[in-house]
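Asker: In this text, residue positions in the sequence shown follow our numbering: the first is 10, and each later residue adds one.
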Amino acid sequence: MTSCKNVSKKENDYQEIPPKAPTTKILWLNDKIESIKTDPTLSYSKGIKCDSVIGVNYIGFSGEHFFNPINEKGQYISTIKQTQKLNQNQVSRLNSIIGNKKTYENPNIAGCYEPRLAFIYFKNNTVICQTQICLSCNQLNSSAHIADEVDGNLNEEAVKKLTELQNELGLTKN
Numbered sequence: 010m011t012s013c014k015n016v017s018k019k020e021n022d023y024q025e026i027p028p029k030a031p032t033t034k035i036l037w038l039n040d041k042i043e044s045i046k047t048d049p050t051l052s053y054s055k056g057i058k059c060d061s062v063i064g065v066n067y068i069g070f071s072g073e074h075f076f077n078p079i080n081e082k083g084q085y086i087s088t089i090k091q092t093q094k095l096n097q098n099q100v101s102r103l104n105s106i107i108g109n110k111k112t113y114e115n116p117n118i119a120g121c122y123e124p125r126l127a128f129i130y131f132k133n134n135t136v137i138c139q140t141q142i143c144l145s146c147n148q149l150n151s152s153a154h155i156a157d158e159v160d161g162n163l164n165e166e167a168v169k170k171l172t173e174l175q176n177e178l179g180l181t182k183n
């Protein structure tokens, strides 16, 4: 029988705590300011009427905080790596993916939510909607209503379609 007094633990036997994950420094740029008027009554399931949509490859998170590509003051985030304007066919496909209730059936989600893909909708040179997507954990968040009774958790088929659109636009993964 051994006693606790006879057992000693060396200082080096304790496992070190891993370092915290690095956080991204988020800055807001002043060189180009957009007019912004998001409309919470917009709905993907009813169709979003807009003049243009821009796809964005960016880092939309820092620690536990999430950011749209353009803030409420109309400033662009400093972490944008690529942008690409969608053609009308691509806009229609994007809207049909996000606005379809089947997109959210049997979701396959993880817990990271680190958005790196976003879509900015413009009408009359004003931002009317922004949607941020994390293809790693299959979740999205939008300033527009997405589809009735869904929470933004995507299924594998939807992620596949959004990844195809991302690749088609040349918005490479970070």
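Where a beta carbon is used, it is the ideal one built from N, C-alpha and C, also for glycine.
Note that the coordinates shown come from a computational prediction; the quantities given were computed from them, not determined experimentally.
Under three-state DSSP, which class holds Val62?
Answerer: Within the sequence shown, the letter at position 53 stands for residue 62. DSSP places Val62 in strand when its eight states are reduced to three.
Asker: Does Ala167 come out as helix, strand or coil in the three-state DSSP assignment?
Answerer: What you label residue 167 is simply residue 158 of the sequence shown in a count that begins at 1. In the three-state scheme derived from DSSP, where H, G and I count as helix and E and B as strand, Ala167 is classed as helix.
Asker: Between Val159 and Tyr113, how many whole angstroms is the CB-CB distance? I'm expecting something under 8 angstroms.
Answerer: Translated into positions along the sequence shown, residue 159 becomes position 150. Translated into positions along the sequence shown, residue 113 becomes position 104. Correct: roughly 4 angstroms between the Cβ atoms.
Asker: The alpha helix (DSSP H) spanning Asn98 covers which residue range?
Answerer: Here residue 98 corresponds to residue number 89 of the sequence shown, with the count starting at 1. Per DSSP, Asn98 belongs to the alpha helix (DSSP H) from Gln97 to Gly108.
Asker: List the endpoints of the continuous beta strand (DSSP E) containing Tyr130.
Answerer: Against the sequence shown, residue 130 aligns to sequence position 121. Leu126 to Lys132 is the extent of the beta strand (DSSP E) around Tyr130.
Asker: Just checking my contact of Ser151 with Thr140 at CB under 8 angstroms: how many whole Å lie between their CB atoms?
Answerer: Mapped onto the sequence shown, residue 151 falls at position 142. Mapped onto the sequence shown, residue 140 falls at position 131. About 4 angstroms separates the two Cβ atoms, so the contact holds.
Asker: Say whether the region 89 to 100 touches the region 40 to 56, bearing in mind that this needs 3 or more beta-carbon pairs closer than 8 angstroms, one atom from each stretch.
Answerer: The count of Cβ pairs closer than 8 angstroms, one atom from the region 89 to 100 and one from the region 40 to 56, stays below three, leaving the stretches out of contact.
Asker: Cβ of Asn77 within 8 angstroms of Cβ of Arg125?
Answerer: Here residue 77 corresponds to residue number 68 of the sequence shown, with the count starting at 1. Here residue 125 corresponds to residue number 116 of the sequence shown, with the count starting at 1. Remark: C-beta atoms of Asn77 and Arg125 do not approach each other more closely than 8 angstroms.
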